[in-house]
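Each residue of the sequence shown is one higher than the last, beginning at 270 in the numbering used here.
Glycine is no exception: its CB is placed at the ideal position from the N, C-alpha and C atoms.
See structure below.
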Amino acid sequence: CGGRTVSGEARGASGGAPTATGNMVALRVAHQTGFDRLTFEFMGAGVPAFTITSQAGTRFAQAASGLPVDVRGKSGIKVVFHGASERDLSGNPTYTGNNDIILAPAVGSANAVAELRQVGDFERVLSWAVGLSSGTACTRVLQLNSPSRLVIDVQP
270 CGGRTVSGEA RGASGGAPTA TGNMVALRVA HQTGFDRLTF EFMGAGVPAF
320 TITSQAGTRF AQAASGLPVD VRGKSGIKVV FHGASERDLS GNPTYTGNND
370 IILAPAVGSA NAVAELRQVG DFERVLSWAV GLSSGTACTR VLQLNSPSRL
420 VIDVQP
């Protein structure tokens, strides 16, 4: 794998600008040849601080309530943004897309990601659960500007 990798329970990645705050405006998921690409797009300058952690299973805890949330797949990745939300400070939605995205298998694709689900948007901490089709994954993490985006390429 090139770039930062996440594979196994104890490994992860982090980054972003600790002082950046942002409202998510778009989430794109696409099957590519050999990998799947997740793109989180934010308003504002810079990607908010984030952590990416992997886990052996596909059960996550819903933020604030702690209730269990199961996603499709064999293992998972949790993406958490600090200082971010899907709503502006007045409570107006900035992201109006789907908060539970199930990906159908695609011919010629890695089919690494099975499901992507929002599991928290509470007190400016935005969390997404990613269900992976295989038990482990290799990821490459990119931070892009103009507009501010976090890109995660996932390869089984």
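At a threshold of 7 Å, does residue i count as lining the ligand FMN (C-beta to nearest heavy atom)?
| i | result |
| --- | --- |
| Asp-369 | This structure lacks the ligand FMN; in fact it carries no ligand of any kind. |
Just how far apart, CA to CA, sit residue i and residue j?
| i | j | result |
| --- | --- | --- |
| Ser-396 | Gly-313 | 18 Å |
| Pro-287 | Gln-412 | 14 Å |
| Ala-282 | Asn-367 | 25 Å |
| Ser-403 | Ile-346 | 12 Å |
| Cys-407 | Gly-285 | 20 Å |
| His-441 | Ala-375 | The requested residue 441 is not part of the displayed model; the chain covers only 270 to 425. |
| Arg-297 | Ala-333 | 26 Å |
| Ser-415 | Arg-356 | 20 Å |
| Gly-352 | Gly-291 | 7 Å |
Starting from residue i, follow the beta strand (DSSP E) in both directions and report where the run begins and ends.
| i | result |
| --- | --- |
| Asn-292 | 291-301 |
| Ser-323 | 319-324 |
| Glu-310 | 304-311 |
| Gln-387 | 382-391 |
| Pro-337 | 337-339 |
| Asp-369 | 369-371 |
| Gly-400 | 394-401 |
Assuming residue i and residue j make a contact with CB atoms under 8 Å, what is their CB distance in whole Å?
| i | j | result |
| --- | --- | --- |
| Phe-309 | Arg-418 | 7 Å |
| Phe-350 | Val-388 | About 12 Å separates the two Cβ atoms, so there is no contact after all. |
| Phe-391 | Val-348 | Between Val-348 and Phe-391 the Cβ distance is about 15 Å, and since that is not below 8 Å, they are no contact. |
| Ala-398 | Val-338 | 6 Å |
Apart from the five residues on each side of it in sequence, which residues of its chain come closer than 7 Å, Cβ to Cβ, to residue i?
| i | result |
| --- | --- |
| Val-294 | Glu-310, Phe-311, Met-312, Thr-363 and Tyr-364 |
| Gly-377 | Thr-302 |
| Gly-271 | Bear in mind that a pLDDT of 49 at Gly-271, under 50, signals an unreliable position, so the number given afterwards is only what the model happens to contain. Only Arg-409 meet the Cβ criterion. |
| Gly-277 | At Gly-277 the pLDDT is 35, less than 50, meaning the model places this residue with poor confidence; the figure from the coordinates comes in the next sentence. Closer than 7 Å at Cβ, skipping near neighbours: Ser-323 and Thr-405. |
| Gly-360 | none |
Go through its chain and collect everything with a Cβ distance to residue i's Cβ below 6 Å, but skip five positions before and after it.
| i | result |
| --- | --- |
| Gly-342 | Thr-327, Ala-383, Gly-400, Leu-401 and Ser-402 |
Review point. Would you call the stretch 374-385 and the stretch 288-305 in contact, with 3 or more CB pairs under 8 Å?
Key: yes
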